[in-house]
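**Student:** Residue numbers (the numbering used here): 2 to 523.
Backbone N, C-alpha and C fix where the C-beta goes; we use that ideal spot for every residue, glycine too.
What you are looking at is a predicted structure, and each value in this text was computed from that prediction instead of being measured.
Just passing along the structure, written as structure tokens.
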């Protein structure tokens, strides 16, 4: 203690801890230095906020319109507050790094700030524990939330404007054991201007998707897990069909990007504004194109499918692992097979994989266990593999940006007949591959061969065995793991005994089942 005669403080500590207090004297400077070392970050809040230099503070606008003069006055008044600067710095830093989300997490002795960049969370900064309620309160004020309510989750929205930045922020708070956690979703308006060609689809898939979009009616489904870029693909498709001659209406929960020239409706279930209710109203609004954010239930699916049959182009999303599974999911929801076969014109399943940073890209040989999962041998690699070693451009991650891997299932005559017969996923997959569908695994392997991404990224994105691929050792073409013979060169992919037909190992010289001599490999 700097003041060992502060009896009231000693009584309070004795009451709180239940221990007898024996004071030791020290200087205030020394005490603060030790506290700073063990409980604070390397820099103080003031030092961190001073990193702005002469940069102008960002302007945070609430949802409702505000008086611009008042807003400027408020910014001038709060300009010197380190916590205003701190929140500004956290958001500015996340936007600069291209993050999609900012996590502000309360922990036992500190506040951890992390940014999700290219789908991966990265540590940004650690702050003292005592700053947590102040920073969360500042974020709540910006998002128009109740700062007094700390027991329940809350949602808010902020518009941010600066010299070169114009983004929307969606804020969500959650009470956790050590205090409230806030997650800020950054919706960069520049991403809403991406075209389908910018997303990274292969030329073959791009041609198929463009053909879907140009149809006057029918349903296009985009499938994949959360975070696979479905919404970006939907917006890119809408941007492509947008014109003065077309009436486009979207139903979303929530509206992610504001697009000029499009009528966007946000779901509000508390007042009864649900997907089915809005969809019925939309059909009386003379639409040409309808975008449904997500098909969640039977009623939404039924109205969407019927809309596509009655002269509307309908775009929507489903949470399924691959394209053929989307048909089964619609049947599970309760849709009759004949309606699915008549309305769906194409299904796109997609994943996002990180791109190798071009500044630190170099050739390497992947680990043996990764190669074995793809049926590859380290001694006989079919093509060169690349990865990023890490540099200042990519923040030592080895990756910069993301691209899409996809499979596009065109609902041709044969597949429609199988759908009407309620065929299982495997039959639909076989028929789609026979008519030219490139699976997710093969699409991923093509990106690896082109040096765009790594084997590790593709294996993380494509986990289903039936989606994985191998490389034919004879012609180096990418083929499915399900194939026993290569469809390109007719050579066996899985070595078998000529006499009994059982699977054998390449190094065996005799079949252990029928005792016949085996031909040497190759």
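(1) Taking the alpha helix (DSSP H) that residue 148 falls in, what are its first and last residues?
(2) Do you know offhand how far residue 151's Cα is from residue 16's?
(3) Residues in its own chain within less than 8 Å of residue 436 by CB, not counting five upstream and five downstream?
(4) At what residues does the beta strand (DSSP E) containing residue 355 begin and finish?
(5) When you compare only the Cα positions, how much space is there between residue 321 and residue 330?
(6) Residues bridged to residue 486 by DSSP?
(7) For my contact list, residue 128 and residue 104 are in at a C-beta cut-off of 8 Å; report their separation, rounded to the angstrom.
(8) Quickly, what does DSSP pair residue 85 with across the bridge? List them, please.
(9) Please confirm whether residue 235 and residue 292 have their CB atoms less than 8 Å apart.
(10) Rounded C-beta distance between residue 161 and residue 170? I'm assuming under 8 Å.
(11) With a CB to CB cut of under 7 Å and the five nearest residues on each side skipped, what residues in its chain are close to residue 95?
(12) DSSP three-state call for residue 212: helix, strand or coil?
(13) Quick one: any contact between the segment 204-217 and the segment 234-253, if contact means 3 or more CB pairs under 8 Å?
(14) Between residue 181 and residue 144, what straight-line distance do the alpha-carbon atoms span, to the nearest angstrom?
(15) Could you compute how far the alpha carbon of residue 1 sits from the alpha carbon of residue 61?
(16) Measuring alpha carbon to alpha carbon, tell me which of 265, 272, 316, 270 ends up nearest residue 290.
(17) Determine the contact status of residue 354 and residue 495, defining contact as a CB-CB distance below 8 Å.
(18) Pull the bridge partners of residue 114 from the DSSP assignment, please.
(19) Using the beta-carbon count (16 or more within 10 Å), is residue 409 buried or exposed?
(20) With C-beta atoms as the reference, is residue 177 less than 8 Å away from residue 137?
(21) Could you name the residues that DSSP lists as bridge partners for residue 11?
(22) Excluding the 5 residues preceding and the 5 following residue 148 in the sequence, name in chain order all residues of the same chain whose CB lies nearer than 8 Å to its CB.
(23) Can you tell me whether residue 133 is buried or exposed, with buried defined as 16 or more other CB within 10 angstroms of its CB?
(24) Would you please state the rounded distance, in angstroms, between the beta carbons of residue 357 and residue 453? I believe it to be under 8 Å.
(25) Please check if any C-beta of chain C sits within less than 8 Å of the C-beta of residue 117.
(26) Quick one: Cα of residue 53 to Cα of residue 93, how far?
(27) With respect to the beta strand (DSSP E) encompassing residue 387, which residues constitute its N-terminal and C-terminal limits?
(28) Using beta-carbon positions only, say whether residue 266 and residue 242 come within less than 8 Å of one another.
(29) Are the beta-carbon atoms belonging to residue 328 and residue 341 less than 8 Å from one another?
(30) Looking only at DSSP bridge pairs, what is residue 274 linked to?
(31) Please report the distance separating the alpha-carbon of residue 87 from that of residue 112.
(32) How many whole angstroms separate the CB atoms of residue 338 and residue 420, which I take to be in contact at a CB cut-off of 8 Å?
(33) Can you pull the DSSP bridge partners for residue 365?
(34) According to DSSP, simplified to helix, strand and coil, what is residue 507?
(35) Once the 5 residues before and after residue 517 are set aside, which same chain residues still bring their CB inside 8 Å of it?
(36) What is the DSSP secondary structure of residue 132, reduced to helix, strand or coil?
**Tutor:** Short version:
(1) No alpha helix (DSSP H) contains residue 148, which DSSP labels as neither H nor E.
(2) 27 Å
(3) Cβ within range, chain order: 411, 413, 415, 416.
(4) 345-357
(5) Their Cα atoms are separated by approximately 8 Å.
(6) 493
(7) Distance from residue 128 to residue 104 at the Cβ level is roughly 13 Å; contact not present, criterion being Cβ atoms closer than 8 Å.
(8) The partner list for residue 85 (beta bridge, DSSP) is empty, contrary to what the question assumes.
(9) Yes; because the gap between Cβ atoms is below 8 Å, this pair is in contact.
(10) 6 Å
(11) Result list for residue 95: 103, 116, 187, in chain order.
(12) helix
(13) yes
(14) Their Cα atoms are separated by approximately 15 Å.
(15) Nothing about residue 1 can be read from this structure; the chain reaches only from 2 to 523.
(16) Looking at the Cα atoms, 316 is the closest of the given residues.
(17) no
(18) 105, 126
(19) Looking at its Cβ environment, which holds 16 or more other Cβ atoms inside 10 Å, residue 409 is buried.
(20) no
(21) None; residue 11 has no bridge partner.
(22) 138, 141, 142
(23) buried
(24) 7 Å
(25) The chain labelled as chain C is not found in the depicted structure, where only one protein chain is given.
(26) With a pLDDT of only 47 at residue 53, under 50, the local geometry of the prediction cannot be trusted, and no value is derived from it.
(27) 386-389
(28) no
(29) yes
(30) 269
(31) 13 Å
(32) Here residue 338 really is in contact with residue 420; their C-beta atoms are around 6 Å apart, less than 8 Å.
(33) For residue 365, which the question treats as bridged, DSSP gives the partners 386.
(34) coil
(35) Cβ within range, chain order: 498, 499, 500, 501, 511.
(36) helix
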